[in-house]
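Here's the structure we're looking at; comments come further down.
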Amino acid sequence: DTAVSQTPKYLVTQMGNDKSIKCEQNLGHDTMYWYKQDSKKFLKIMFSYNNKELIINETVPNRFSPKSPDKAHLNLHINSLELGDSAVYFCASSQVGGELFFGEGSRLTVL
Amino acid sequence: LAKTTQPISMDSYEGQEVNITCSHNNIATNDYITWYQQFPSQGPRFIIQGYKTKVTNEVASLFIPADRKSSTLSLPRVSLSDTAVYYCLVAQQGDNYGQNFVFGPGTRLSVLP
């Protein structure tokens, strides 16, 4: 069983559209994250949720809205997509203070 | 946050030992040193973590000198499948929610036949 799974793996869309990426973890972890990896391969944290509550919200446009229906799921919804949103988005989970377990990534391409 | 500095890239040949050094001059007393590995088209994967001296697991060894201002990830006898980006992170253990998990650009290791 995949520990951290995210869908879709690839997403190609037009500017201005709204899209969502889903993430689920079956590790029983309390904390989930969204990271963005740009074309230069820098990996930056976007959001961190602990037990469905937002803990970290880095400098991310409010077009990005995370939603955690339960502690095993953390979805990312993006409104009004822009060219600069093209990147690979990684979901991750951990116990508090523990090592991160990443999903395989969702490559978003905005045309 | 303790900032880390690593070489941008390294080349090696199969069967060689590879040592990747990370500098973290501002490491705090409560900080641990963690290394992650990222293969192309995959998410980073935890390799090893340490606080001081030496830690070894089935994948790698981590050497940390007494002043803890640097650390060295050692990969014994690398193979082509070890080609990846290796990230060094410095963060506190315990009660934090990922705000200290700051990934730098990492070291791109290329293992050649």
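Just so you know, the protein sequences line up as chains P and A, in that order.
In this text, residue positions in the first sequence follow my numbering: the first is 14, and each later residue adds one.
In this text, residue positions in the second sequence follow my numbering: the first is 48, and each later residue adds one.
The beta-carbon is built from N, C-alpha and C at its ideal position, and this holds for glycine as well.
- Excluding the 5 residues flanking it on each side, K116 of chain A has same chain C-beta neighbours closer than 6 angstroms at N72, in chain order.
- When DSSP states are grouped into helix, strand and coil, G62 of chain A belongs to the coil group.
- Here L89 of chain P is buried. Its C-beta has 16 or more other C-beta atoms within 10 Å.
- For Y83 of chain A, the beta-bridge partners assigned by DSSP are A:F93, A:Y134.
- L159 of chain A and P87 of chain A have their C-alpha atoms roughly 16 angstroms apart.
- Shown here, D83 of chain P sits in a strand according to DSSP, grouped into three states.
- The C-beta of Q108 of chain P has fewer than 16 other C-beta atoms within 10 Å across all chains shown, which makes the residue exposed.
- At the C-beta level, I58 of chain P and F148 of chain A come within 8 angstroms of one another.
- For the C-beta of T81 of chain A, the chain P residues within less than 8 angstroms are, from N- to C-terminus, E112.
- In terms of Cα proximity to V132 of chain A, the closest of A:A138, A:S118, A:G151, A:P123 is A:G151.
- Approximately 20 angstroms separates the beta-carbon atoms of L109 of chain A and T130 of chain A; this is outside 8 angstroms, ruling out the contact.
- Taken through DSSP and simplified to helix, strand or coil, S33 of chain P comes out as strand.
- When Cβ pairs closer than 8 angstroms are counted between the two stretches, the region 85–100 of chain P is seen to touch the region 19–39 of chain P, the count reaching three or more.
- Closer than 8 angstroms to the CB of K54 of chain P there is at least one CB belonging to chain A.
- The C-beta of L113 of chain P has 16 or more other C-beta atoms within 10 Å across all chains shown, which makes the residue buried.
- As DSSP reads the structure, E66 of chain P sits in a beta bridge with P:N63.
- For R155 of chain A, the uninterrupted beta strand (DSSP E) run begins and ends at 154–159, by DSSP.
- Non-local beta-carbon contacts of M45 of chain P in its own chain, meaning distances under 6 angstroms to residues more than five positions away in sequence, involve Y62, L87, S106 in chain order.
- The region 94–107 of chain A makes contact with the region 119–127 of chain A: 3 or more CB pairs, one atom from each, lie closer than 8 angstroms.
- Taking 8 angstroms as the CB threshold, G29 of chain P stays off the interface with chain A.
- At a cut-off of 8 angstroms between beta carbons, A105 of chain P contacts chain A.
- In terms of Cα proximity to G97 of chain A, the closest of A:T154, A:D114, A:D78 is A:D78.
- Using a 10 angstroms sphere on the CB of I67 of chain A, the tally of other CB atoms reaches 16 or more, which defines it as buried.
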